[in-house]
Amino acid sequence: MSGSKKWCVASFLVVAACSENNVNLEGRDCYDGTCTSGYVCNPVSAICAPPVTTDCNDPSAVCPGNIYDGDYCDTVGAYFPCAGTTCDAAGCRTCTVGMAWSACTCASADTACNCALTNCNPCVPTGVELCGNTVDEDCTGAVDDGTDKESCKPQYVDADGDGYGRAGSAPVCYCTVQPGYAENNEDSNDADPTVNPGRTELCNGIDDDGNLADLALEQDNDGDGFVECSPWVGASTIKGGDCNDADDDIYPGATERCNGLADACGGIPANEQDSDNDDYVACTGWVGGVDKQSGDCAPSDGSVYPGAIEFFNGKDDDCDNKTDPCFDDCSSCGSGLVGCYTLDSATPASSTPTDSSPTGNNGSNSSSTVTGRIGKAFDLDATHLAKANAVGAQLVRQFEVLAWVKLDAYPASGQQGYIVDLQHSTRVIVYSGGEIRCAAGNTEVFTEAGAIVIDRWTHIACRRDSNSLRIYVNGDKKAQTTIDNTREDTDGPLCIGSYGNGTTCYPSYAGGGVTDRFIDGAVDHLQIFNVPLAETYACYASGNSSCTL
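Per the working numbering, residue 22 is the first one in the sequence shown, and the count goes up by one each step.
Written as structure tokens, this is what we have:
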């Protein structure tokens, strides 16, 4: 081959590039390795081509003297085959002079491919392994691996493979969740795949949902065979529904004790509740706190309980199974009672004013009965009176007389009616204007007019102690005066509803300008004591629990 000959490859012919200085256009190669006019000879293909000045892999590029068919790389001055692919725009996987393009592969994981030289060099770590960039920064031979990462996913050991990591375990960090790991640490039992937070908690003694929160309710802490949760679906030796797992005497079906607790877990029994706040309950044998006692006979009435004050009110205030004792039947009035007349006789013609006190001072009468304050009462007027034997002998210096009175009419103007007269010394009198007087000898104490109201039961009490004489109406003290301790002569008949002269009771009296000294009305439950009672007794006997003394 002479220097005057220039060779070009026909398949790469570009007419504009072939001058007289080039080889002829017969498609001959430059086997001698030389080309004219600045062309270069490809040492592999032996084809003359102009030096590369433009990236001729781009079909839109203007490539004078070059031919583009998509199969060659453009590096230092020649086209090279690219093994069926185009070159990387970033410069990697670039063909070099004298080498055909091939895939960049390396045999060892600890080396990296140097694409510029198409050979393998040792891997040099460039920093922390980053997630999601397909680069092996830490030179482990794999991308997105290891535990030291930025933007990685914290994850926890999941030994039982149920998708929940071990509770309390420390996290490791991977770009993706690894087998045997989970993105939470909520599993309290990582050895059992049936126990995890995704399961429904059952009352069975097992922490089904793995969070330990409800497990205490499934334990029999007091050893009574019952747990707090319900319904129990665990071992048959245990049952559910314990309402107090710290007390082995409290469980469903237990025997109720009088203690204010729900021993049988069905709520506190009504008879163990102090619903009326009087510090007493209805059950018997209280074994609860010291602030309560048992034996309340009226759990809904705070004024009724053992030891309460007994009032005349139709209730067993003190829970002794006696309603209005003393005030009603005189059976439990205690010492000092010398006359007690309930005046309940239904057949006056053959009956007597029976004295149920220990003295037994019965009397005679000519009265009829009407409906009384308690049971029956004696109906007294000018032709109806009652007298009793020598009750007065029992009264020396002090006394208390109590009675229920209901007037049909006041005495006429200027007149007076004797409710009780004892030897004309101890007297309870009503005057024409409704004024009530209490007398002991020549000493009298009296109320204002209107103290007793027509057609209404009124309780009157006359009380004498060592230095005073007092009168009470419906439990309230209305008046009092001083009196000496002189003995009064009271040894005579007791007249009820009439005046007496010391030996007999009169239905009328014509002496001293006073024509009548009887009452028109009824008397019930007359009580006479030879001692003054506690001042509050007038309250109790009248049923007034808020009286003024």
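Even glycine gets a Cβ: it sits at the ideal position worked out from N, Cα and C.
What you are looking at is a predicted structure, and each value in this text was computed from that prediction instead of being measured.
- Query: If you check the beta carbons only, do proline 218 and tyrosine 177 fall under 9 Å apart?
  - Reply: With contacts defined as CB atoms closer than 9 Å, proline 218 and tyrosine 177 fail to qualify as a contacting pair.
- Apply the 10 Å Cβ neighbour rule to aspartate 300 and answer buried if 16 or more other Cβ atoms are within range, or exposed otherwise. The residue is exposed, with fewer than 16 neighbouring Cβ atoms inside 10 Å.
- Which stretch, first to last residue, makes up the beta strand (DSSP E) that contains threonine 560? Contrary to the premise, residue 560 reads as cysteine rather than threonine in this sequence. For cysteine 560, no beta strand (DSSP E) encloses it; the enclosing alpha helix (DSSP H) starts and ends at 558–563.
- When DSSP labels each residue in this structure, what does asparagine 383 get in the three-state scheme? If DSSP states are grouped into helix, strand and coil, asparagine 383 belongs with coil.
- Compare the C-alpha of threonine 375 against each of Thr392, Gly355, Ala398 and name the closest. In terms of CA proximity to threonine 375, Ala398 leads the group Thr392, Gly355, Ala398.
- So, are the CB atoms of cysteine 318 and aspartate 337 less than 9 Å apart? It is a contact, given that the beta carbons lie within the stated cut-off.
- Between which two residues does the beta strand (DSSP E) carrying tyrosine 185 extend? DSSP places tyrosine 185 outside any beta strand (DSSP E), giving it a letter other than H or E.
- Item | Any C-beta of chain C under 9 Å from that of alanine 291 | Any reference to chain C falls outside this structure, which holds one protein chain only.
- Count the other C-beta atoms from every protein chain shown that fall within 10 angstroms of the C-beta of leucine 570, then say buried if there are 16 or more, exposed otherwise. Flag for leucine 570 reads exposed.
- Beta-bridge pairing of glycine 438 - partner residues as DSSP gives them: In DSSP, glycine 438 forms a bridge with Val451.
- For aspartate 476, count neighbouring Cβ atoms within 10 angstroms of its own Cβ and tell me buried if that reaches 16, exposed if not. By the 16-neighbour rule on beta-carbons within 10 angstroms, aspartate 476 is exposed.
- Which of the three DSSP states, helix, strand or coil, is assigned to alanine 237? Alanine 237: helix per DSSP, three-state reduction.
- Message: Is the beta carbon of arginine 187 closer than 9 Å to that of aspartate 213?
- Response: Taking a C-beta distance under 9 Å as the contact criterion, aspartate 213 and arginine 187 do not qualify as a contact pair.
- Message: Taking 9 Å as the threshold (C-beta atoms), are arginine 484 and glutamate 556 in contact?
- Response: Yes. Within cutoff.
- Note down the Cα distance separating glutamine 240 from tyrosine 202, rounded to an integer number of angstroms. In a straight line, the C-alpha of glutamine 240 is about 31 Å away from that of tyrosine 202.
- According to the neighbour-count rule (16 or more other Cβ atoms, all chains shown, within 10 Å of its Cβ), is valine 308 buried or exposed? It counts as exposed.
- Message: Judging by CA-CA distance, which residue of Cys347, His546, Asp486 is the nearest neighbour of lysine 427?
- Response: The shortest Cα separation from lysine 427 among Cys347, His546, Asp486 belongs to His546.
- Message: Taking the straight line between their C-alpha atoms, what separation do you get for cysteine 516 and glycine 281?
- Response: Cα to Cα, cysteine 516 sits roughly 56 Å from glycine 281.
- Would you tell me roughly how many angstroms separate the C-alpha atoms of tyrosine 527 and leucine 401, rounded to the nearest one? When the Cα atoms are used, tyrosine 527 and leucine 401 turn out to be separated by approximately 12 Å.
- Message: Give me the residue from Ala430, Cys194, Phe247, Leu423 with the minimum Cα distance to aspartate 442.
- Response: Looking at the Cα atoms, Leu423 is the closest of the given residues.
- Do arginine 418 and asparagine 506 have their C-beta atoms within less than 9 Å of each other? Closer than 9 Å, so yes.
- Give me the Cα-Cα distance between alanine 543 and glycine 310, rounded to the nearest whole angstrom. Approximately 51 Å, taken between the alpha carbons.
- Quick one: what's glutamate 421 bridged to in DSSP? Beta-bridge pairing links glutamate 421 to Arg484, Phe550.
- Go through its chain and collect everything with a Cβ distance to aspartate 183's Cβ below 6 Å, but skip five positions before and after it. The residues are Pro214, Asn217.
- Task: Measure the beta-carbon distance from glutamine 437 to isoleucine 450 and round it to whole angstroms, keeping in mind my assumption that it falls under 8 Å.
- Result: By a beta-carbon distance limit of 8 Å, glutamine 437 contacts isoleucine 450. Their separation comes to about 5 Å.
- Taking glutamine 294 as part of the beta strand (DSSP E), name the residues at either end of that continuous run. Counting along the chain, glutamine 294 falls outside any beta strand (DSSP E), and DSSP gives it neither H nor E.
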